[in-house]
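**Q** Before I ask anything, let me first share the structure, which is written out below as structure tokens.
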Amino acid sequence: MSRLHHVCRVLLLTAMGGCAPSAPDPGAGADAHARPAHHPGTITGAVTALRARAVRLGGPTDEADRARRECVDIVRWLPLLAADTTLGRTDWEEVAALADRAAVRLAAHADGDSAALAVHIAEAADRLESIVTSRAVNTEEP
0 MSRLHHVCRV
10 LLLTAMGGCA
20 PSAPDPGAGA
30 DAHARPAHHP
40 GTITGAVTAL
50 RARAVRLGGP
60 TDEADRARRE
70 CVDIVRWLPL
80 LAADTTLGRT
90 DWEEVAALAD
100 RAAVRLAAHA
110 DGDSAALAVH
120 IAEAADRLES
130 IVTSRAVNTE
140 EP
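Below you can see the structure in the form of structure tokens.
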């Protein structure tokens, strides 16, 4: 990981209230920082994950609520996932802005029109895919 990506990651994690990367704690088990099952792993995985959840947003209430909560997490992870790619600064900033807009929409639609929210999340996934594929981004998981 380049120094710039490392600095971006530390700043983002700190700003989001997460923990910054540090030396591993030998006393901590392998699950100390385990990813949730819905973590996409890569930016391309995020595209697929957002599309799958966009479809579920129109389902039964409990399923739609879970899909919305998972979308909130995924869009929050987008800047970090983008930092682990070969995207340039301008593209990373576009991904971060896309994540911000999606987070606002998700928060505003907590009890609102799930069909409109599903369309917005699907459109965000389409735009994310466009950014990633047009830049031939290296998206291998670190």
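Going by numbering that gives the first Met the number 0, the first residue of the sequence shown is number 0, and it counts up by one from there.
Yeah, the Cβ is synthetic: ideal placement off N, Cα and C, and Gly gets one too.
(1) Quick one: grab the DSSP three-state call for H119.
(2) Give a yes or no on contact between the stretch 90–101 and the stretch 59–66, applying the rule of three or more CB pairs nearer than 8 Å.
(3) Given this structure, state the Cα-to-Cα distance separating D90 from L80, to the nearest angstrom.
(4) Using DSSP with H/G/I as helix, E/B as strand and the rest coil, what is G87?
(5) Return the residue from the list V94, R88 and I73 that minimises the CA-CA distance to L105.
(6) Assuming A121 and R67 make a contact with CB atoms under 8 Å, what is their CB distance in whole Å?
(7) Given a cut-off of 7 Å, decide if A117 and G58 are closer than it, judged by their beta-carbon atoms.
(8) Can you tell me whether L79 is helix, strand or coil according to DSSP?
(9) Taking H108 as the reference, which of H37, T84 and C70 has the closest Cα?
(10) What residue does the alpha helix (DSSP H) around R50 start on, and which one ends it?
(11) Alpha carbon to alpha carbon, how far is E93 from A115?
(12) Looking at the ligand NAP, does it come within less than 6 Å of A45, judged from the CB to the closest heavy atom?
**A** Per the coordinate set shown:
(1) Residue state for H119 is assigned as helix, using DSSP reduced to three classes.
(2) Between the stretch 90–101 and the stretch 59–66 there are fewer than three C-beta pairs closer than 8 Å, too few to call the two in contact.
(3) Taking C-alpha positions only, D90 is separated from L80 by approximately 12 Å.
(4) Looking at G87 - three-state DSSP - the assignment turns out to be coil, as it is neither helix nor strand.
(5) Ranking the options by Cα distance to L105, first place goes to I73.
(6) Contact flag wrong, Cβ pair sits at about 14 Å.
(7) Against a cut-off of 7 Å, the Cβ pair of A117 and G58 comes out as no contact.
(8) Of the three classes helix, strand and coil, the one that applies to L79 here is helix, per DSSP.
(9) It is C70.
(10) Segment I42 to R55, the alpha helix (DSSP H) holding R50.
(11) Rounded to whole angstroms, E93 and A115 show a C-alpha spacing of 22 Å.
(12) In the structure on display, the ligand NAP does not appear, and there are no ligands present to speak of.
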